[in-house]
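Under our numbering, the residues of the sequence shown are numbered 27 to 111, in order.
Working notes, beginning with the structure itself.
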Amino acid sequence: MGSDLLNYDVFGKAGLRGKNEQDEWIHPGIPPHKYSMMDDPFDGWGLRPHQFRSGEDTCGNKTNAYRCKQSSKTSNFPPQTIQHI
């Protein structure tokens, strides 16, 4: 029993891979190939290069390094950005 999951390309069959007539990515968040070998500039830290403009990172493993402090009604001070690096 084999599986065709490695060969089946959902995004490719939907026409979302590649470039359009204006030489822009059809869908900016989908890479041009299902599998491709690329150099890892971050030495295995789990970060991928921003090769495609897919917008803001929405993954769930964000740190609290750039969390903004919310202003409260009892404080007259403006909100400040907390940066722990």
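C-beta atoms are modelled at their ideal positions from N, C-alpha and C, and glycine is treated no differently.
From a predicted model like this one, the values you see are computed outputs, not experimental measurements.
Subject >> Same chain, Cβ closer than 8 Å to Asn46, five either side skipped, listed in chain order >> reply: Cβ contact annotation for Asn46 (same chain, cutoff 8 Å, sequence separation greater than five): Ile52, in chain order.
Original post:
In its own chain, which residues sit with a C-beta less than 7 Å from the C-beta of Tyr61, not counting the 5 before and 5 after it?
Top reply: If we look at Tyr61 and ignore the five residues flanking it on each side, it has no Cβ neighbours.
Subject >> Spatial neighbours of Val36 in its chain, beta-carbon cut-off 8 Å, leaving aside the 5 residues before and after >> reply: Cβ within range, chain order: n/a, list empty.
Original post:
Between Asp49 and Ala40, what straight-line distance do the alpha-carbon atoms span, to the nearest angstrom?
Top reply: Rounded to whole angstroms, Asp49 and Ala40 show a C-alpha spacing of 18 Å.
Original post:
Would Pro58 pass as a contact of Gly44 if the rule is Cβ separation under 8 Å?
Top reply: Yes, these two residues count as a Cβ contact at 8 Å.
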